[in-house]
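Trainee: Structure in structure tokens, see below.
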Amino acid sequence: MATSHHETAGVQTPLLDDVVEGAVDYKGRPVHRSRSGGWRSAWFIIGVEVAERFAYYGISCNLITFLTGPLGQSTATAAENVNIWSGTASLLPLLGAFVADSFLGRYRTIIFASMLYILGLGLLTLSAVLPSLTGSDCQKINQSTSCSSQFQVLFFFFSLYLVAVAQGGHKPCVQAFGADQFDSSDPEECKAKSSFFNWWYFSLCFGTTFTLILLIYIQDNLSWGLGFGIPCIAMVLALFIFLLGTRTYRCSIKGDEESPFVRIGRVFVAALRNWRTTPSAITSEEESRGTLPHESSEQFKFLNKALLAPDDLKENRKVCTVTEVEEAKSVLRLFPIWVTCLAYAVVFAQYSTFFTKQGATMDRTIAPGLDIPAASLQTFISITIVIFVPIYDRIFVPIARVFTRKPSGITMLQRIGIGMFISIISMVVAALVEMKRLKTAKDYGLLDMPSATVPMSIWWLVPQYLLAGLADVFTMVGLQEFFYDQVPNELKSIGLALYLSIFGVGSFLSSFLISAIDDATTWAGETSWFSSNLNRAHLDYFYWLLGGISVVELAIYLYFAKSYIYNRAGTV
Numbered sequence: 004m005a006t007s008h009h010e011t012a013g014v015q016t017p018l019l020d021d022v023v024e025g026a027v028d029y030k031g032r033p034v035h036r037s038r039s040g041g042w043r044s045a046w047f048i049i050g051v052e053v054a055e056r057f058a059y060y061g062i063s064c065n066l067i068t069f070l071t072g073p074l075g076q077s078t079a080t081a082a083e084n085v086n087i088w089s090g091t092a093s094l095l096p097l098l099g100a101f102v103a104d105s106f107l108g109r110y111r112t113i114i115f116a117s118m119l120y121i122l123g124l125g126l127l128t129l130s131a132v133l134p135s136l137t138g139s140d141c142q143k144i145n146q147s148t149s150c151s152s153q154f155q156v157l158f159f160f161f162s163l164y165l166v167a168v169a170q171g172g173h174k175p176c177v178q179a180f181g182a183d184q185f186d187s188s189d190p191e192e193c194k195a196k197s198s199f200f201n202w203w204y205f206s207l208c209f210g211t212t213f214t215l216i217l218l219i220y221i222q223d224n225l226s227w228g229l230g231f232g233i234p235c236i237a238m239v240l241a242l243f244i245f246l247l248g249t250r251t252y253r254c255s256i257k258g259d260e261e262s263p264f265v266r267i268g269r270v271f272v273a274a275l276r277n278w279r280t281t282p283s284a285i286t287s288e289e290e291s292r293g294t295l296p297h298e299s300s301e302q303f304k305f306l307n308k309a310l311l312a313p314d315d316l317k318e319n320r321k322v323c324t325v326t327e328v329e330e331a332k333s334v335l336r337l338f339p340i341w342v343t344c345l346a347y348a349v350v351f352a353q354y355s356t357f358f359t360k361q362g363a364t365m366d367r368t369i370a371p372g373l374d375i376p377a378a379s380l381q382t383f384i385s386i387t388i389v390i391f392v393p394i395y396d397r398i399f400v401p402i403a404r405v406f407t408r409k410p411s412g413i414t415m416l417q418r419i420g421i422g423m424f425i426s427i428i429s430m431v432v433a434a435l436v437e438m439k440r441l442k443t444a445k446d447y448g449l450l451d452m453p454s455a456t457v458p459m460s461i462w463w464l465v466p467q468y469l470l471a472g473l474a475d476v477f478t479m480v481g482l483q484e485f486f487y488d489q490v491p492n493e494l495k496s497i498g499l500a501l502y503l504s505i506f507g508v509g510s511f512l513s514s515f516l517i518s519a520i521d522d523a524t525t526w527a528g529e530t531s532w533f534s535s536n537l538n539r540a541h542l543d544y545f546y547w548l549l550g551g552i553s554v555v556e557l558a559i560y561l562y563f564a565k566s567y568i569y570n571r572a573g574t575v
């Protein structure tokens, strides 16, 4: 082995302690700290994700405009379809992460997902130009001109969900692979990993800003085919960038031990089988072995029953080790946090749907003959993040560190909670602005003129977008770091997929709420809150409802966050 190390080193022989434990290169050979990983590899991976997010947001941010425009869907139906697609795209990373962690590895999964992504975007581009190729007749539907045939609609949604499947394999693996480039056992690289999540999100939002400015203008004013084709080119570039860094990457070694899914599953099965076991038997066994339970053993005590064999066995032997039980608890401990973040995800789903439809009714003139696309206001979310992530990382954290004595300034759960509180404020502001918009429409006699521009500047919407961006600085980045850090080492991709699944389920919940409220108001003979004529709709009621739900869920979140026990370094 020493000879092979010397041969791969070339002229210079690496020091033995330069070898990174638990990592290999793309060919399975040992990697050396001086020539692999760290920021040199991370920047390649960040570049890949910037290009991928450019492509993804190029589709998602203005999707509701395409559905209500060329496809001729109603506002409520389009919002439901956007939420369902977004939810599916955010849940599929659970499958992609499982495939990566159990079979292919992150490196190969990223490559395969990228190729599928390119195929999906290519077909999506083709579906957008079908009317012009086939010469389809156009008709007026819901104040929009629809030129789509049934075949185009089916082809479009097939391509759209193919993109969702590809994103499911790409998204959880790229970020986990980026974090893998930093060795937690090395003090300097461990510190760099903490900053990685901040700069990761900063870079993503920096790239997204150009998406929202460039692509949305092209889609609204030039061509949907071109607007979908550019993201396809971006994904080709993303794959090229990723392959450029191949020789510098560190790939985690899959150990010979059992799959973590098997270990965790066995703990739950053993605990269920031993449900009659008394706590005193477990305590006696631990004391006799000199392995007293630590603080986390007080949580989810029913899993401690997995430590003993069933009562009907003569030999009082352990079925699962303490480490395996604690590993199962660490995963179960995430569930209350996951659930109590769903309201934040429902609020998040509104940024690319109803916020955009609001803006489309308002005065969007920024210069004579030049109107700003309504979806472009999402740029302010990205701009806020680009500005405040460096402030958070370089100013807020050092100041907070002085008072809390914590390396990260505040805990991950405190960071998440602050963002959830800010998102509540954003909903309150959004509701107040919508009330003013409706009053303006009424004052000018525009209630029954849905195509008329409400004489109220679109810049009134900027504060709610800024607050949304500030909330993301705290909650989104905090969730990424939390779910990566608090899962077993072999499940890092799954951890990030769990974070993404919050927004997937949140999108489905948003779709369910919209559908239920739309049906209820129609059944009662009232105007729908989500009427295609937004001057008669009541988005303000919906925003107040989401604000109230968020307040309740924040209170529950604080209860669970206060009692949460963080995994100790090296335990999981």
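End of the sequence shown sits at 575 in the working numbering; the numbers just go up one at a time, nothing left out. Glycine included, every Cβ here is placed at the ideal spot set by N, Cα and C.
Rounded to whole angstroms, what's the CA-CA distance from leucine 499 to phenylalanine 485? Just pull it up for me.
Mentor: 9 Å
Trainee: Return the first residue and the last residue of the beta strand (DSSP E) that threonine 368 is part of.
Mentor: 368–370
Trainee: Taking glycine 25 as part of the beta strand (DSSP E), name the residues at either end of that continuous run.
Mentor: 22–27
Trainee: Specify the secondary structure class of cysteine 323 as computed by DSSP and reduced to three states.
Mentor: coil
Trainee: Might you give, ordered along the chain, the residues of its own chain that have their beta carbon closer than 8 Å to the beta carbon of alanine 237, omitting 5 neighbours on each side?
Mentor: Ala54, Glu55, Phe57, Ala58, Gly61.
Trainee: Please list the terminal residues of the continuous beta strand (DSSP E) segment that includes methionine 459.
Mentor: 457–460
Trainee: Could you pull out every residue in the same chain whose Cβ sits closer than 6 Å to the Cβ of isoleucine 375, ignoring the five residues on either side in sequence?
Mentor: So the list reads Arg367, Ile369, once near-sequence residues are dropped.
Trainee: Give the single residue among Leu441, Phe477, Met365, Gly362 whose Cα lies nearest to the Cα of serine 2.
Mentor: With the chain covering only 4 through 575, there is no way to say anything about residue 2.
Trainee: Helix, strand or coil, according to DSSP, for valine 34 in the structure here?
Mentor: Note: valine 34 maps to strand in three-state DSSP.
Trainee: Given that a residue counts as buried once 16 or more other Cβ atoms are within 10 Å of its Cβ, and exposed if not, what is tyrosine 546?
Mentor: buried
Trainee: To the nearest angstrom, report how far apart glycine 507 and aspartate 475 are at their CA atoms.
Mentor: The alpha-carbon atoms of glycine 507 and aspartate 475 are separated by roughly 16 Å.
Trainee: Alpha carbons only, please: which of Ala363, Lys30, Gly550 is nearest the one belonging to valine 457?
Mentor: Ala363
Trainee: Considering only residues of the same chain and omitting the five flanking positions on each side of alanine 116, which have a CB-CB separation below 6 Å?
Mentor: Ala169, Gly172, His173
Trainee: Starting from tyrosine 560 and walking both ways along the alpha helix (DSSP H), at which residues does that stretch end?
Mentor: Looking at the DSSP string, the run of the alpha helix (DSSP H) that includes tyrosine 560 is 542–566.
Trainee: Excluding the 5 residues flanking glutamate 493 on each side, which residues of the same chain have their C-beta closer than 7 Å to its C-beta?
Mentor: Excluding residues within five positions, the ones whose Cβ falls inside 7 Å are Asp104, Pro263.
Trainee: What residue ranges within the segment 424–466 form continuous beta strand (DSSP E) runs of no fewer than 3 residues, ordered along the chain?
Mentor: 457–460
Trainee: Alpha carbon to alpha carbon, what distance is there between isoleucine 413 and arginine 404?
Mentor: 7 Å
Trainee: Does the segment 451–467 come into contact with the segment 432–440, if we say contact requires no fewer than three beta-carbon pairs (one atom in each stretch) closer than 8 Å?
Mentor: yes
Trainee: Quickly, what does DSSP pair cysteine 254 with across the bridge? List them, please.
Mentor: Val27
Trainee: Using the Cα positions of glutamate 556 and aspartate 451, report the straight-line distance between them to the nearest angstrom.
Mentor: 37 Å
Trainee: Check for me: the alpha helix (DSSP H) holding isoleucine 505 runs from which residue to which?
Mentor: 495–526
Trainee: Check the C-beta distance from cysteine 254 over to serine 385 and give it rounded, since I have them as a contact under 8 Å.
Mentor: Cβ atoms of cysteine 254 and serine 385 stay farther apart than 8 Å, at about 31 Å.
Trainee: Cβ atoms of tyrosine 562 and alanine 182: under 8 Å apart, would you say?
Mentor: no
Trainee: With which residues is leucine 373 paired in a DSSP beta bridge?
Mentor: Ala370
Trainee: Should the segment 114–130 be regarded as contacting the segment 230–248, the criterion being three or more beta carbon pairs within less than 8 Å?
Mentor: yes
Trainee: If you count every other CB in all the chains shown that lies within 10 Å of the CB of glutamate 529, and 16 or more means buried, which is it?
Mentor: exposed
Trainee: Candidates Val350, Cys235, Glu329, Pro339: which alpha carbon is nearest isoleucine 427's?
Mentor: Of Val350, Cys235, Glu329, Pro339, the residue nearest in Cα terms is Val350.
Trainee: To the nearest angstrom, report how far apart phenylalanine 576 and leucine 74 are at their CA atoms.
Mentor: With the chain covering 4 to 575 only, the question about residue 576 has no answer from this structure.
Trainee: Please report the distance separating the alpha-carbon of lysine 360 from that of threonine 525.
Mentor: 20 Å
Trainee: Say whether the segment 338–357 touches the segment 82–97, bearing in mind that this needs 3 or more beta-carbon pairs closer than 8 Å, one atom from each stretch.
Mentor: Enough Cβ pairs lie closer than 8 Å, so yes.
Trainee: Of all the options Gln381, Leu512, Gln155, which has the alpha carbon lying nearest to the alpha carbon of leucine 345?
Mentor: Checked all of Gln381, Leu512, Gln155; the closest Cα to leucine 345 is Leu512.
Trainee: With a 10 Å radius around its C-beta and 16 neighbouring C-beta atoms as the bar for buried, classify leucine 295 as buried or exposed.
Mentor: The predicted position of leucine 295 is uncertain, since its pLDDT is 45 and thus under 50; a value taken from the coordinates is nonetheless stated next. With fewer than 16 other Cβ atoms within 10 Å, it is exposed.
Trainee: Roughly how many whole angstroms lie between the Cα atoms of glycine 420 and glutamine 184?
Mentor: One C-alpha to the other measures close to 29 Å.
Trainee: Which class does threonine 249 belong to by DSSP, given the choice of helix, strand or coil?
Mentor: helix
Trainee: Have a look at phenylalanine 305 and alanine 564 and give me their C-alpha separation to the nearest angstrom.
Mentor: 21 Å
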